[in-house]
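Below is one structure; the comments refer to it alone.
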Amino acid sequence: MAFINYETKDIRLKVVFYGPADSGKTALVQHIFARTGDGREVTRGGSAGDGVYYDVLPLSLGSIRGFRTVIDLYTVPRGADRRETRRGILESIDGVVFVADSRPLRASDNLTAIDELGWALRANGYDPAKIPLVLACGHADAPDATPPISLAATLLKTHPAAASIPVFGVDAIRGVGVFEALKAISKLVLSELKGA
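Sequential numbering from 0 applies to the sequence shown in numbering that gives the first Met the number 0.
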């Protein structure tokens, strides 16, 4: 949910990069950070003692009706024992980039993560069908990578708006599809904001 500060004329939006461990969530956010080139730091939440980390990157989108607009990009921590932490990070969100792993051996991990995403959204009071969503298929450069359209058919088969969800094959090392996915989720969350 967008945070609007009328006093400072700021709008902050929250987008979470969600998916199974090692799918490329952090690599995508790091690639975005490296290409924005304005010297900002990516902050890490959590504590080293328990291994809970998430990344936050504030990304300026310019001005909308005189309000400075920023999207905070979050990643979620890995590990089955971090389910509640991931749910908490999904509070007050404006959109999700689900980062699937295109490698066939990770198919069940993708399904587990997308199911958990649905659970976490519902636990936070959201209708998963109404949250802006982009599917980014990480490791798209793997020799045996599942094509993005096939991953989408499997992962989004129960989503009522599956046909309208933007899908991208992404490779954070070469930058393929990274900014296309970011632009797609930005358009979706801004469209929701303007409609509110």
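Every residue, glycine too, gets a C-beta built ideally from N, C-alpha and C.
Taken through DSSP and simplified to helix, strand or coil, residue 23 comes out as coil. No Cβ-Cβ contact shorter than 9 Å links residue 173 with residue 143. When secondary structure is reduced to three states using DSSP, residue 157 falls in the coil class, being assigned neither helix nor strand. Per the Cβ contact rule, the stretch 118-126 is not in contact with the stretch 145-162 (fewer than 3 Cβ pairs under 8 Å). The three-state reading of DSSP puts residue 129 in helix, counting H, G and I together. Closest in C-alpha terms to residue 189, from the list 75, 108, 34, 92, comes 92. Close CB contacts of residue 69 within its chain, under the 8 Å cut and outside five residues either way in sequence, are with 9, 10, 11, 12, 57, 58, 59, 60 (chain order).
In the three-state reduction of the DSSP assignment, residue 13 falls in the strand class.
Under the criterion of beta carbons closer than 8 Å, residue 183 and residue 133 qualify as touching, at roughly 5 Å. Contact between residue 95 and residue 130 holds: CB atoms are separated by about 6 Å, below the 8 Å threshold. Within the DSSP secondary-structure output, residue 67 pairs in a beta bridge with 9, 62. Residue 24 sits close to residue 75, with the two beta carbons spaced by under 9 Å.
In this structure, the straight-line span from the alpha carbon of residue 117 to that of residue 85 is close to 12 Å.
For a cut-off of 8 Å, the C-beta gap from residue 26 to residue 77 is around 13 Å, too long to register as a contact. Under the three-state reduction of DSSP, residue 123 is assigned to coil, being neither helix nor strand. The beta-carbon separation of residue 72 and residue 16, rounded to 7 Å, stays under the 8 Å limit for a contact. Taking the C-beta atoms as reference points, residue 171 is found no nearer than 9 Å to residue 194.
Membership of residue 87 in the alpha helix (DSSP H) is indicated by the continuous run 82-88.
The beta carbon of residue 151 lies closer than 6 Å to those of 134, 166 in the same chain, with the five residues before and after it left out.
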